[in-house]
Amino acid sequence: MATTPSTAPPVRSSTAPRERLARISSHVDGKAASSSSDSANRSSSGSSSSSTGSSLAGRRALQHLKWNGWGFKDTRLRLNAASGLIELTGNRYLFSGHVLPDIRKFGEEDGGMTFDRRLNTDTPVQVPQPTVNKPFVAAIREQLPALAVDHGSNDNERRSSDAEDAAVAEAESPPPRLSFDIDERLFHSHGHTLQELWVLKTSSGPLQRTVDAVLYPSCHADVEKAVAAATAHNVALIPFGGGTSVTCALLPPAEESRMVVSVDLTTMARVLWVDRENGVVCVEAGARGAALEEELGRYGLTLGHEPDSWEFSTVGGWVATRCSGMKKNTYGNIEDLLVDVTCVTPTGTFTLRNPPPSPPPTDTPAPAAPLTGQWPRISSGPDWREVILGSEGTLGVVTQAVLRVRPKPRVQHFTSLIFPDFDSGVGCLKELADRQIWPTSIRLMDNRQFRFGLSLKPTSGGLARQAKEALAKFYLLRVRGFDPYRLVAATVLLEGDEGHVKYVGGATREIARRWGAVEAGEEAGRLGYFLTFMIAYIRDFCFEYGFFAESFETAVPWSRISACREAVEAQIRADCARLGVRGEPFVTCRISQIYDQGVCMYFYFGFNFIRLPEGVDAMAVYSEVEDRARQAILWAGGSVSHHHGVGKIRRQYLAPTVSGTGLRMLRAVKTAVDPNNTFANGALDPDSSAS
Numbered sequence: 006m007a008t009t010p011s012t013a014p015p016v017r018s019s020t021a022p023r024e025r026l027a028r029i030s031s032h033v034d035g036k037a038a039s040s041s042s043d044s045a046n047r048s049s050s051g052s053s054s055s056s057t058g059s060s061l062a063g064r065r066a067l068q069h070l071k072w073n074g075w076g077f078k079d080t081r082l083r084l085n086a087a088s089g090l091i092e093l094t095g096n097r098y099l100f101s102g103h104v105l106p107d108i109r110k111f112g113e114e115d116g117g118m119t120f121d122r123r124l125n126t127d128t129p130v131q132v133p134q135p136t137v138n139k140p141f142v143a144a145i146r147e148q149l150p151a152l153a154v155d156h157g158s159n160d161n162e163r164r165s166s167d168a169e170d171a172a173v174a175e176a177e178s179p180p181p182r183l184s185f186d187i188d189e190r191l192f193h194s195h196g197h198t199l200q201e202l203w204v205l206k207t208s209s210g211p212l213q214r215t216v217d218a219v220l221y222p223s224c225h226a227d228v229e230k231a232v233a234a235a236t237a238h239n240v241a242l243i244p245f246g247g248g249t250s251v252t253c254a255l256l257p258p259a260e261e262s263r264m265v266v267s268v269d270l271t272t273m274a275r276v277l278w279v280d281r282e283n284g285v286v287c288v289e290a291g292a293r294g295a296a297l298e299e300e301l302g303r304y305g306l307t308l309g310h311e312p313d314s315w316e317f318s319t320v321g322g323w324v325a326t327r328c329s330g331m332k333k334n335t336y337g338n339i340e341d342l343l344v345d346v347t348c349v350t351p352t353g354t355f356t357l358r359n360p361p362p363s364p365p366p367t368d369t370p371a372p373a374a375p376l377t378g379q380w381p382r383i384s385s386g387p388d389w390r391e392v393i394l395g396s397e398g399t400l401g402v403v404t405q406a407v408l409r410v411r412p413k414p415r416v417q418h419f420t421s422l423i424f425p426d427f428d429s430g431v432g433c434l435k436e437l438a439d440r441q442i443w444p445t446s447i448r449l450m451d452n453r454q455f456r457f458g459l460s461l462k463p464t465s466g467g468l469a470r471q472a473k474e475a476l477a478k479f480y481l482l483r484v485r486g487f488d489p490y491r492l493v494a495a496t497v498l499l500e501g502d503e504g505h506v507k508y509v510g511g512a513t514r515e516i517a518r519r520w521g522a523v524e525a526g527e528e529a530g531r532l533g534y535f536l537t538f539m540i541a542y543i544r545d546f547c548f549e550y551g552f553f554a555e556s557f558e559t560a561v562p563w564s565r566i567s568a569c570r571e572a573v574e575a576q577i578r579a580d581c582a583r584l585g586v587r588g589e590p591f592v593t594c595r596i597s598q599i600y601d602q603g604v605c606m607y608f609y610f611g612f613n614f615i616r617l618p619e620g621v622d623a624m625a626v627y628s629e630v631e632d633r634a635r636q637a638i639l640w641a642g643g644s645v646s647h648h649h650g651v652g653k654i655r656r657q658y659l660a661p662t663v664s665g666t667g668l669r670m671l672r673a674v675k676t677a678v679d680p681n682n683t684f685a686n687g688a689l690d691p692d693s694s695a696s
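If you count by the numbering used here, then the sequence shown holds residues 6 to 696, one letter each, in order.
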């Protein structure tokens, strides 16, 4: 197997058997300090508001997450050596604790996987020595005292194991809020692209660069002090939320010679206030999606924003990447939900919530709290929130967001539809958009992805269920004449009050029937959503057996769906054959979002990398196939990204997408708010030195 060369000097290995992230829990679970006056209870004329001091950080404490793969430590797909069958461990998901009897057969027959040898993916990773800027460390100690957060006894235990590190000794035992711990540095130095995980899982040489320290602010004021200190002492900062980036945005640039500090926002995860009357909440940027939804549920409210990474990604990350969610048809994308954003930059803090002009007219009673920043719409020049949306950590640190919320839906209903072929399914989706019939979510899977989803089902329970499934199969294939290798499926989710769900569901079924669809019921709909949260776990399992599997997405107009699908699949197959991949690559796609003008398309592809010819660099092959697939998307009329963002992995395609003028505008904003490139993750700009 090929390795990734690196010239970075290693110091120590970070060993997998250690409880790598237990130390981080002392930061995550620590008692948060009061953030600012924004966290006070709000009440104003005509406004019913409340606040909560409860922290959302501890709900998904980082000690439960894998350091070199996706998700929870207790959840993985595992091949049972005795039975030869694959099972899902843990108890968090729909089929956790169950045997999945069909997935191995599908992997062997449709993916070309082999299961005779499992790779060791838990080997030590070499981490380079940290670069330490002592004036910055001194400033942090002075301005962000360690007592602001109670870390308990874990901190002394954590530091004592690193006492031999020369850099830490030179820094005179930095405070717990600024950690030089090797495991914490490693965890904060990568996202979840296959390129990053390749190095972590195979130990193919030392990492070229890691962050040198991790900072844990507890409030907005802490971030302002930290950014000021970094700017004054020429230290580079990289904001960190859920760590779910798939664009290499969290990977420190290899050429960066300054001290690089990761700013972990997960210690800022509170709902600061709730304004029921105006339908908005103010949330700190480190709040994770699932925990935030749970907290809002206590108020009878929902945000309704559910990206695939919902369990782990954060509000700040959603804003920074211009994120989209599975339920956008009902609740909107993040740009539709964002009312106001607070972002700390090297030249000041951006927010719409500024004090109104004073003094007020004598006959106008002053509100109990300023309400600027909560307007339903504004016409005040360009929408400056859009400058922060999608900025990908290159301009500053998002610390807070005011978001639109709605009453929690009274009804949630899943269903599914089977179409005779992909074009019929697309025709149905297009008619739904034309007639403005918007299920909360509707996603169309091609045939291969549909069959893959079915392979995840556990052993059928009971003769009655088996008989029902056999009858449904007979009806589809024999009565309706569907080809089992052409039929496709759509999963549907409906949310709202009973009347709305009934109307939208009925209209959706009526349109689907005109396109030849057969309703397949609630269970298949739920299975489709289960598959969403399993994809990254499946990718990691495939890696263990020498199979690369990854996804990428794009937005395309309705008129270019077929061309884009055909171009991408043909390009992947041609490049795999050219580069020595043995056997047919696995290629599949789905439509995950629909709009008036087009759709979001997700592609999944994979191939067996342990069967590559001797001496071939497996990751180089994968990277070339992935990059040329993106070129095929652009050639066929697709976008650089629909919601993952650009980062460093796709930045070479930004200029032709936004034009040279657009790139100059981007650089002008960067120069204005971050003239010294303090926020130096290298995302977006294809020439990061231009920053």
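Glycine is no exception: its CB is placed at the ideal position from the N, C-alpha and C atoms.
With a Cβ-Cβ cutoff of 8 Å, do residue i and residue j count as a contact?
{"i": "Leu437", "j": "Thr513", "result": "yes"}
{"i": "Arg411", "j": "Thr272", "result": "no"}
{"i": "Ala290", "j": "Ala406", "result": "yes"}
{"i": "Ser208", "j": "Val130", "result": "yes"}
{"i": "Gly248", "j": "Arg293", "result": "no"}
{"i": "Phe573", "j": "Phe608", "result": "The sequence given here places Val at residue 573; Phe does not occur at that position. Their beta carbons are under 8 Å apart, which means Val573 touches Phe608 by this criterion."}
{"i": "Leu70", "j": "Val132", "result": "no"}
Whose C-alpha, out of the options, is nearest the C-alpha of residue i?
{"i": "Tyr534", "options": "Asp227, Pro312, Trp72 and Asp107", "result": "Pro312"}
{"i": "Gly530", "options": "Val344, Val663 and Lys462", "result": "Lys462"}
{"i": "Gly321", "options": "Asn334, Gly309 and Val346", "result": "Val346"}
{"i": "Gly611", "options": "Gly620, Glu619, Glu629 and Ser597", "result": "Glu629"}
{"i": "Leu205", "options": "Ala554, Asp545, Gly386 and Gln636", "result": "Asp545"}
{"i": "Trp203", "options": "Ala623, Arg293 and Gly667", "result": "Ala623"}
{"i": "Thr537", "options": "Lys71, Leu99, Gln68 and Asp79", "result": "Leu99"}
{"i": "Val586", "options": "Ala495, Gly620 and Leu659", "result": "Gly620"}
{"i": "Thr399", "options": "Gly112, His197, Ala226 and Val232", "result": "Val232"}
{"i": "Asp679", "options": "Val240, Pro444 and Val132", "result": "Val240"}
{"i": "Gly551", "options": "Asn283, Val392, Asp121 and Gly102", "result": "Asp121"}
{"i": "Ala274", "options": "Val286, Arg263, Met264 and Val265", "result": "Val286"}
{"i": "Phe684", "options": "Ser223, Val403 and Glu299", "result": "Val403"}
{"i": "Met264", "options": "Trp380, Gly112, Thr236 and Ala688", "result": "Thr236"}
{"i": "Ser262", "options": "Leu255, Gln213 and Cys253", "result": "Gln213"}
Using a Cβ-Cβ cutoff of less than 6 Å, which residues in the same chain neighbour residue i once the five nearest sequence positions on both sides are dropped?
{"i": "Phe355", "result": "Cys348"}
{"i": "Leu584", "result": "Val626"}
{"i": "Ala144", "result": "Ala234"}
{"i": "Ser267", "result": "His193, Val216, Val219, Ile243 and Phe245"}
{"i": "Leu617", "result": "Gly585 and Ala623"}
{"i": "Gly510", "result": "Leu499"}
{"i": "Thr5", "result": "Limits of the chain in this structure are 6 at one end and 696 at the other, which puts residue 5 out of reach."}
{"i": "Ser597", "result": "Arg448, Cys605 and Tyr607"}
Taking 8 Å as the limit between beta carbons, can you name the residues of its chain near residue i, skipping five residues before and five after?
{"i": "Ala568", "result": "Ala641 and Gly642"}
{"i": "Cys328", "result": "His310, Pro312, Ser318, Gly322, Asn338, Ile339 and His648"}
{"i": "Pro387", "result": "none"}
{"i": "Gly302", "result": "Lys413"}
{"i": "Gly284", "result": "Arg409, Val410 and Arg411"}
Taking all protein chains shown into account, do 16 or more other C-beta atoms lie within 10 angstroms of the C-beta of residue i, making it buried, or fewer, making it exposed?
{"i": "Ser184", "result": "buried"}
{"i": "Asn686", "result": "buried"}
{"i": "Gly486", "result": "exposed"}
{"i": "Gly504", "result": "exposed"}
{"i": "Asn729", "result": "The question about residue 729 has no answer, for the chain in this structure spans 6 to 696."}
{"i": "Thr20", "result": "Residue placement at Thr20 is poorly supported in this model, since its pLDDT is 43, which falls under 50; the coordinates are not used for a value here."}
{"i": "Trp72", "result": "buried"}
{"i": "Lys110", "result": "exposed"}
{"i": "Asp692", "result": "exposed"}
{"i": "Val251", "result": "buried"}
{"i": "Asn125", "result": "exposed"}
{"i": "Gln441", "result": "exposed"}
{"i": "Arg409", "result": "buried"}
{"i": "Met670", "result": "exposed"}
Taking only heavy atoms of the ligand ATP into account, decide whether any of them is closer than 7 Å to the Cβ of residue i.
{"i": "Val674", "result": "Absence of the ligand ATP from the depicted structure is noted, as is the absence of any ligand whatsoever, leaving it without description."}
What residues in its chain sit with their C-beta under 7 Å from that of residue i, if we drop five residues either side in the sequence?
{"i": "Asn334", "result": "Trp443, Pro444, Thr445 and Ser446"}
| field | Inter-stretch contact (C-beta, 8 Å, three-pair minimum) for the stretch 599 to 612 and the stretch 106 to 114 | value | The stretch 599 to 612 makes no contact with the stretch 106 to 114: fewer than 3 CB pairs, one atom from each, lie closer than 8 Å.
| query | How do the stretch 516 to 530 and the stretch 429 to 443 stand: do at least 3 beta-carbon pairs fall below 8 Å, yes or no? | reply | Taking 8 Å as the limit for Cβ pairs, the verdict is that the stretch 429 to 443 does touch the stretch 516 to 530.
| query | So, do the stretch 554 to 564 and the stretch 87 to 95 have three or more beta carbon pairs nearer to each other than 8 Å? | reply | no
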